[in-house]
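Step one of this worksheet: look at the structure below.
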Amino acid sequence: MNAKMTIAKEFRIGDIDKRIYGSFIEHLGRAVYGGIYEPDHATADEDGFRKDVIELVKKLNVPVVRYPGGNFVSGYNWEDGVGPVEKRPKRLDLAWGTTEPNYFGTNEFMKWCKKADTECMMAVNLGTRDAEAARNLVEYCNHKGGSAWSDLRIAHGYKEPHGIKLWCLGNEMDGAWQMGAKTAKEYGRTALEASKVMKWIDPSIETVLCGSSSRNSSTFGQWEVESLEIAYDSVDYVSLHQYYDNKSDDIQSFLARTLELDEFIYSVICACDYVKAKKRSKKTINLSFDEWNVWYHSKNRPFDKWSISPPLLEDIYNFEDALLVGSMLITLLRHCDRIKIACLAQLVNVIAPIFTKTGGGVFEQTIFFPFMHLSNYGRGAALLPLMECPKYDCKEFTDVPYLEAIATFDEENGEVSIFCVNKSLDENAVLDVNLMDFEGYAPYEFISMDGFDKKAENSFDNVVVRPHGNALPKLDGSILTVSMKPLSWNVIRLKKA
Ligand code: AHR
812 MNAKMTIAKE FRIGDIDKRI YGSFIEHLGR AVYGGIYEPD HATADEDGFR KDVIELVKKL
872 NVPVVRYPGG NFVSGYNWED GVGPVEKRPK RLDLAWGTTE PNYFGTNEFM KWCKKADTEC
932 MMAVNLGTRD AEAARNLVEY CNHKGGSAWS DLRIAHGYKE PHGIKLWCLG NEMDGAWQMG
992 AKTAKEYGRT ALEASKVMKW IDPSIETVLC GSSSRNSSTF GQWEVESLEI AYDSVDYVSL
1052 HQYYDNKSDD IQSFLARTLE LDEFIYSVIC ACDYVKAKKR SKKTINLSFD EWNVWYHSKN
1112 RPFDKWSISP PLLEDIYNFE DALLVGSMLI TLLRHCDRIK IACLAQLVNV IAPIFTKTGG
1172 GVFEQTIFFP FMHLSNYGRG AALLPLMECP KYDCKEFTDV PYLEAIATFD EENGEVSIFC
1232 VNKSLDENAV LDVNLMDFEG YAPYEFISMD GFDKKAENSF DNVVVRPHGN ALPKLDGSIL
1292 TVSMKPLSWN VIRLKKA
């Protein structure tokens, strides 16, 4: 297959907000206990944080981590997770049918964030609780001192405010499975009042309104419009969540899901701008895609009800999942003019790129690598590549481009990166890239993941699905010719020669 791509500085979509490379830690399964926190582990530091996990989180270069949920947050009393650990109550978590021991809470997470070189995106409970608990948490975390809640933080040993800048107003409040689920109008009011008082305490914070729990939600569209009509003036972002699966074992349709994802993002932008127009507002609401991933391998596995941190949602990812994760992140970057935050859900053990054994080792799942490449090399501005490329039809979609691509240009270090997935099952793609005004640029690294069985997985003993280097693609004048294997993830890095 032959294909063409043209990139130019002028084809700038927008600056990439680094928070698009965010992730998520929920009090769910072994994400916290046995994941980031395991005091008895051989690599645990003085705070009980697993250093082997922190090392991998740093490799992913994740600038922001959403916490503490997820469905969990809709029943969470944040006060249970602060102060002397021996006094903290054990609570039933109705979201996941487990027991939360509260050994780890807000302050521990903030400490962990510092060690992992990341920032916290804090979610407040607007399910079983309201504006009162939310504003108290902002006061506890962000107020310097001299008030009851901020003095309590100081008494708990944290003199300096945590200074958390980004706050989620609940989680998936449209979903019947959510504790305290609401109609769009009920939620709009609750979110508005919470956001208002939270910002009165700390005007420097930004808030995220819950959008629909997925594009398939029956109220999708209407939910965004109705809740935004009420809360528009106080909030900064609206959230999107989407998980994909390959239950039907149809890889061509699975890899084509990004067409649907693209539509989804576009619809939410339209909903935001529709409300903006109706209100004659000067303010633009941007998007926080704060849960996205592949999720299905582990669904409906039995576990011990009400146990503490049982293995839940422990998907082991395969090579085709990595190709979709790379394609999804490319799709998000194509909308970086409006998507400012995104969280790969989740970070450790629970539908995650990092997988641990409690008391044992850790490994990188297949999806770790495309995320790592984009997060490390896909900084600066996103450039829309003009593509000429053959398309395929499959069971669920027609006209699916075989290549999914994005280019980025980092003016700070002068680097250009091209990321491309070849979705063809059996054809090499020979891609001619016209470098236009990137005169004098030459490739210096070509990394790919290819040649694996589509169902190949990694394990503690063998991280077999991993990237490898290739011979540099040929440059002839301004045309770079890259040969990409069937079913492959490709990264080409260029700089001025
Ligand atoms: O990430 C797992 C769960 O998926 C989250 O708790 C919830 O928000 C979503 O439904």
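Counting in my numbering, the final residue of the sequence shown is number 1308, and the numbers go up one at a time with none missing. Glycine included, each C-beta is placed from N, C-alpha and C at the ideal position.
Boundaries of the alpha helix (DSSP H) in which residue i is found, first to last residue
| i | result |
| --- | --- |
| Val1293 | First-last for Val1293: Ile1290 to Met1295, but that is the beta strand (DSSP E), not the alpha helix (DSSP H). |
| Glu1004 | Ala995 to Ile1012 |
| Glu1207 | Careful: Glu1207 lies outside any alpha helix (DSSP H) and carries neither H nor E. |
| Ile1127 | No alpha helix (DSSP H) contains Ile1127, which DSSP labels as neither H nor E. |
| Glu890 | Looking at the DSSP string, Glu890 is not in any alpha helix (DSSP H), and its letter there is neither H nor E. |
| Ala966 | Ala959 to Ala966 |
| Glu866 | Lys862 to Leu871 |
| Ala1042 | Gln1033 to Ala1042 |
Endpoints, beta strand (DSSP E) assigned at residue i
| i | result |
| --- | --- |
| Met1183 | Element bounds for Met1183: not the beta strand (DSSP E) but the alpha helix (DSSP H), Phe1179 to Tyr1188. |
| Glu943 | Glu943 -> not in any beta strand (DSSP E); alpha helix (DSSP H) instead, spanning Ala942 to Asn953. |
| Gly825 | Arg823 to Asp826 |
| Leu1194 | Ala1192 to Leu1194 |
| Ile1229 | Glu1226 to Asn1233 |
| Gln1063 | That residue, Gln1063, is in no beta strand (DSSP E); its alpha helix (DSSP H) goes Ile1062 to Leu1066. |
| Asn918 | Note, Asn918: premise wrong, no beta strand (DSSP E); alpha helix (DSSP H) at Thr917 to Lys926. |
| Trp1103 | Asn1097 to Val1105 |
| Thr909 | Thr909 to Glu911 |
| Val1049 | Tyr1048 to Tyr1055 |
| Tyr878 | Val875 to Tyr878 |
Buried versus exposed, by CB contacts within 10 Å (16 or more), residue i
| i | result |
| --- | --- |
| Arg830 | buried |
| Ile1290 | exposed |
| Glu1175 | buried |
| Ala1042 | buried |
| His1279 | exposed |
| Leu1236 | exposed |
| Gly981 | buried |
| Trp1300 | buried |
| Ser961 | buried |
| Val1019 | buried |
| Arg1149 | buried |
| Cys924 | buried |
| Asp1204 | exposed |
| Gly1189 | buried |
| Ser752 | Not covered by the structure: residue 752. The range shown for the chain is 812 to 1308. |
| Glu950 | buried |
Among the options, the one whose alpha carbon lies nearest that of residue i
| i | options | result |
| --- | --- | --- |
| Asn1027 | Tyr1055, Asp1047, Thr929 and Pro1284 | Tyr1055 |
| Pro1201 | Arg964, Asp1210 and Leu1194 | Asp1210 |
| Phe1075 | Ile1119, His954, Thr1142 and Asp1044 | Thr1142 |
| Lys976 | Lys1010, Ala995, Trp960 and Glu983 | Lys1010 |
| Ile1127 | Cys1083, Met816, Glu1102 and Val1173 | Val1173 |
| Asn1160 | Ala814, Ala906 and Gly846 | Gly846 |
| His787 | Lys1090, Asn888 and Leu1051 | Shown here, the chain extends from 812 to 1308; a query on residue 787 therefore has no answer. |
| Phe835 | Gly1251, Ile1165 and Leu937 | Ile1165 |
| Glu911 | Tyr951, Glu1125 and Trp1117 | Trp1117 |
| Asn953 | Gly974, Gly938 and Glu930 | Gly974 |
| Gly968 | Pro1297, Gly894 and Ile1012 | Gly894 |
Neighbourhood of residue i by C-beta, 6 Å cutoff - its chain only, sequence neighbours within 5 removed
| i | result |
| --- | --- |
| Phe915 | Val843 and Tyr848 |
| Ala1218 | Ile818, Leu1194, Pro1196 and Ile1229 |
| Val1244 | Met816 and Leu1291 |
| Phe822 | Leu1194 and Leu1195 |
| Asn1326 | Nothing about residue 1326 can be reported from this structure: the residues present for the chain run from 812 to 1308 only. |
Cutoff 8 Å; reference residue i; Cβ partners in own chain excluding five residues on either side
| i | result |
| --- | --- |
| Asp941 | Thr1001, Glu1004 and Ala1005 |
| Leu1070 | Phe1208 and Val1211 |
| Ser1025 | Phe1031, His1052, Gln1053 and Tyr1054 |
Residues near residue i in its chain [Cβ-Cβ closer than 7 Å; skip 5 each side]
| i | result |
| --- | --- |
| Val896 | Tyr914 |
For residue i: DSSP bridge partner residues
| i | result |
| --- | --- |
| Thr854 | Paired residue(s): none; Thr854 is not in a bridge. |
| Tyr844 | Tyr848 |
| Thr1167 | Val1173 |
| Asp1261 | Answer is none; Asp1261 lacks a bridge partner. |
| Ala1133 | Per DSSP, none; premise fails for Ala1133. |
| Ala1282 | Note: Ala1282 sits in no beta bridge, so no partner. |
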